[in-house]
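A short worksheet on the structure shown next.
Numbering (this note's numbering), first residue to last: 19 to 552.
Here's what the structure looks like:
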């Protein structure tokens, strides 16, 4: 008898998980991520405290934003990483629905795990899901409506969407104030989806209710000493150039001098060089000079003598946006004034917000430009308020682009679940079982919303399902009263784009994880030490 040793293909430090073990590992990772963010879903969802480590050790964030939580959590499980990436894409694409998409994908995989235990093949489950998603998508589209032809109704729809989006955030107590603020900012964009025109500035102090919308561009910088504090009909030269004379820039060289007078001569040469540069800048006929880099004392003095307002160290995001809204260009050489496009605005003046002085650019070339100033008691509150208002702005701009509206409060999910369940009854074969599982996963979203509010989810969801089966397609969860209600009358509406993206992204991610039957971890690369030759 010859004993055959199994052939090992992989390196010894490599790991491999096969078939059921690989699938189980994926399901456990995805379920853990879903359970992590599940408690933040809905208007009564709870928040998480995130404490950072490393360089910014001890920094605290308090948030219920799914994308922020998942981005901050270090995960090692590959399936969990797929869900984290999916929530990031959801955040980048439409700005909201990050928690919903993660919970739905997680619930789909929970249902798939039960079906695999019943010996149903993953490809059969995927085929059933493909049929289910078409049915769900059609049902969602048929239930949506569009009021974009009527500006008053459309504005009210946008207000309702903003209220619904903010109702699950820290701003829920001030949602009326912030909804109006977000809708006004989006209406200024005049159909554009470029959120760069809307700047958000955070200033500690006051309360959240003290936040306001300013129809100018604000820059958190101060003007130089002895320079004009207010300029009308501003012509702005925006630059990214070094303006420092305190260092002798002869790099890579050693200079030997035999007296202090020689050093003074070198410094004098540097000053003359800087004076020439300032004169070149002044030839552009600008009365405001904004630089990305520092402006040292000597050039600052030269600008003051010429009556030019000079602003240094404008942060890069600020200067990029400033060039956009004032219609200017960022320049770094000054030899051809006739080729440079200057920015323009009606007035630049100092304004005081809290205890800080900011520069306000009024009447900028880009009329859409505006600034939202967020006030709050602590840094954590204003950071979370910024995330919340950003979500609302993203959803509103997505709705302006594709103006269809659907109902929220679990109404759309139950509508799709009932449509899929009805289609499953007519479908022969094992695919029908997968479709039923898809329907159950969709129903988990309203169940979670009710659970997070402390209500009897089994009772509420069964009442909601019965209402939808009986044709009451506008019924959803009223979380203020803890009962089902007509969400059309309650004004609980959401963007069709967000809902559709949640559905498609969750199914695609769940499908990808379900297809896996092997996980291979590569052997770590060993460091090769050159010990020399004997």
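Every residue, glycine too, gets a C-beta built ideally from N, C-alpha and C.
Treat the numbers as computed from the prediction; the structure is a model and nothing was measured.
### Query
What do you reckon, are the CB atoms on residue 360 and residue 237 nearer than 8 Å?
Translated into positions along the chain shown, residue 360 becomes position 342. Translated into positions along the chain shown, residue 237 becomes position 219. Not in contact: residue 360 and residue 237 (Cβ atoms no closer than 8 Å).
### Message
Buried or exposed, going by whether 16 or more other CB atoms sit within 10 Å of the CB of residue 309?
### Response
In the chain shown, the residue the question calls residue 309 occupies position 291. Buried, because 16 or more other Cβ atoms sit within 10 Å of the Cβ of residue 309.
### Query
Mind checking whether the beta-carbon of residue 293 lies closer than 7 Å to any heavy atom of the ligand NAD?
Of ligands this structure carries none, so the ligand NAD is not represented either.
#### Entry: Alpha-carbon to alpha-carbon, residue 434 and residue 457
Within the chain shown, numbered from 1, the residue matching residue 457 stands at position 439. Within the chain shown, numbered from 1, the residue matching residue 434 stands at position 416. Cα to Cα, the separation comes out at about 8 Å.
### Message
In whole angstroms, give me the CA-to-CA distance for residue 68 and residue 392.
### Response
As a working note, residue 68 is residue 50 in the chain shown. As a working note, residue 392 is residue 374 in the chain shown. Those two C-alpha atoms are separated by around 22 Å.
### Query
Fully enclosed by the region 463 to 533, which alpha helix (DSSP H) runs are 4 residues long or longer?
475 to 487, 505 to 508 and 514 to 532
### Query
Taking three-plus beta-carbon pairs below 8 Å as touching, is the region 414 to 425 in contact with the region 154 to 172?
yes
### Message
Quick check on the burial criterion: 16 or more other C-beta atoms within 10 angstroms. Buried or exposed for residue 463?
### Response
Locating residue 463 in the chain shown gives position 445, where the first residue counts as 1. Buried, since its Cβ has 16 or more Cβ neighbours within 10 Å.
### Message
Assuming contact is defined by CB atoms lying nearer than 8 Å, are residue 379 and residue 242 in contact in what I supplied?
### Response
Taking the chain shown and counting its residues from 1, the one referred to as residue 379 is at position 361. Taking the chain shown and counting its residues from 1, the one referred to as residue 242 is at position 224. Contact flag unset, no.
#### Entry: Every unbroken alpha helix (DSSP H) inside the region 163 to 236 [4 residues or more]
Those alpha helix (DSSP H) runs which fall completely within the region 163 to 236 and span 4+ residues are 169 to 184 and 193 to 206.
### Query
Which residues bound the alpha helix (DSSP H) around residue 321?
If you number the chain shown from 1, residue 321 lands on position 303. Looking at the DSSP string, the run of the alpha helix (DSSP H) that includes residue 321 is 315 to 323.
### Query
Taking one C-beta from the region 146 to 160 and one from the region 438 to 448 each time, how about it: are there three or more such pairs within less than 8 Å?
yes
### Task
Can you tell me the Cβ-Cβ gap for residue 204 and residue 519, rounded? I've got them flagged as a contact below 8 Å.
Walking along the chain shown from the start, residue 204 turns up at place 186. Walking along the chain shown from the start, residue 519 turns up at place 501. No, residue 204 and residue 519 are not in contact; Cβ-Cβ is about 19 Å, not under 8 Å.
### Query
What separation, rounded to the nearest whole angstrom, lies between the Cα atoms of residue 84 and residue 466?
Within the chain shown, the letter at position 66 stands for residue 84. Within the chain shown, the letter at position 448 stands for residue 466. Whole-angstrom Cα-Cα distance: 15 Å.
### Message
Tell me which residues share the same chain as residue 364 and place their Cβ nearer than 6 Å to its Cβ, disregarding the 5 neighbours each side in the sequence.
### Response
Taking the chain shown and counting its residues from 1, one reaches residue 364 at position 346. Excluding sequence neighbours, residue 364 sits near 380 and 381.
### Query
To which residues of the same chain is residue 552 closer than 8 Å at the C-beta, ignoring the five residues directly before and after it?
Position 534 of the chain shown, counted from the first residue, corresponds to residue 552. Because residue 552 carries a pLDDT of 47, less than 50, the predicted location of this residue cannot be relied on, and the following value inherits that uncertainty. None.
### Task
Note down the Cα distance separating residue 428 from residue 468, rounded to an integer number of angstroms.
Within the chain shown, the letter at position 410 stands for residue 428. Within the chain shown, the letter at position 450 stands for residue 468. Whole-angstrom Cα-Cα distance: 9 Å.
### Query
Do the region 494 to 513 and the region 178 to 189 touch if we need at least three Cβ pairs shorter than 8 Å?
Touching, yes.
### Limits of the unbroken alpha helix (DSSP H) element including residue 397
Taking the first residue of the chain shown as position 1, residue 397 is located at position 379. Element bounds for residue 397: 397 to 419.
### Message
Rounded to the nearest angstrom, what separates residue 396 and residue 106 at their Cα positions?
### Response
On the chain shown, residue 396 is found 378 positions in, with the first residue counted as 1. On the chain shown, residue 106 is found 88 positions in, with the first residue counted as 1. Roughly 26 Å between the two C-alpha positions.
### Task
Check residue 156 in the structure and name its three-state DSSP category.
For the purposes of this step, residue 156 is taken as residue 138 along the chain shown, with counting starting at 1. In the three-state scheme derived from DSSP, where H, G and I count as helix and E and B as strand, residue 156 is classed as helix.
### Task
Could you please give me the residues that DSSP links to residue 361 through a beta bridge?
Translated into the one-based positions of the chain shown, residue 361 becomes position 343. Note: residue 361 sits in a beta bridge opposite 254.
### Query
Cβ atoms of residue 524 and residue 130: under 8 Å apart, would you say?
Counting from one through the chain shown, the residue named residue 130 turns up at place 112. Counting from one through the chain shown, the residue named residue 524 turns up at place 506. Contact check for residue 130 against residue 524 fails: the beta carbons are separated by 8 Å or more.
### Query
What's the C-alpha gap between residue 71 and residue 77?
If you number the chain shown from 1, residue 71 lands on position 53. If you number the chain shown from 1, residue 77 lands on position 59. Cα to Cα, residue 71 sits roughly 8 Å from residue 77.
### Message
In this structure, how does DSSP classify residue 248 when only helix, strand and coil are distinguished?
### Response
Here residue 248 is taken as the residue at index 230 of the chain shown, counted from 1. Correct three-state label for residue 248: coil.
#### Entry: Delimiting residues of the beta strand (DSSP E) encompassing residue 330
Residue 330 sits at position 312 when you count from the first residue of the chain shown. No beta strand (DSSP E) holds residue 330; DSSP gives it neither H nor E.
### residue 381 - DSSP class collapsed to helix/strand/coil
In the chain shown, counting from the first residue as 1, residue 381 sits at position 363. Three-state result, residue 381: strand.
### Task
Say whether the region 284 to 304 touches the region 208 to 223, bearing in mind that this needs 3 or more beta-carbon pairs closer than 8 Å, one atom from each stretch.
The way I'd put it, the region 284 to 304 doesn't touch the region 208 to 223; fewer than three beta-carbon pairs between them come closer than 8 Å.
### Query
Any idea what DSSP makes of residue 386, helix, strand or coil?
Position 368 of the chain shown, counting from 1, holds the residue named residue 386. Three-state DSSP puts residue 386 in coil, outside helix and strand.
### Query
residue 100 and residue 527: beta carbons closer than 8 Å?
As a first step, residue 100 is located in the chain shown; it is residue number 82 there, counting from the start. As a first step, residue 527 is located in the chain shown; it is residue number 509 there, counting from the start. It is a contact, given that the beta carbons lie within the stated cut-off.
### Message
Helix, strand or coil for residue 311? Go by DSSP, reduced to three states.
### Response
Against the chain shown, residue 311 aligns to sequence position 293. Residue 311: coil per DSSP, three-state reduction.
### Task
Have a look at 123, 343 and 418 and flag the residue whose alpha-carbon is nearest the alpha-carbon of residue 166.
As a first step, residue 166 is located in the chain shown; it is residue number 148 there, counting from the start. Residue 166 has its Cα closest to that of 418, out of 123, 343 and 418.
### Classification of residue 488 by the beta-carbon crowding that lies within 10 angstroms, buried from 16 upward
Residue mapping note: residue 488 aligns to position 470 of the chain shown, counting from 1. The residue is exposed, with fewer than 16 neighbouring Cβ atoms inside 10 Å.
### Query
When DSSP labels each residue in this structure, what does residue 371 get in the three-state scheme?
The residue you call residue 371 lines up with position 353 of the chain shown. Strand, per DSSP.
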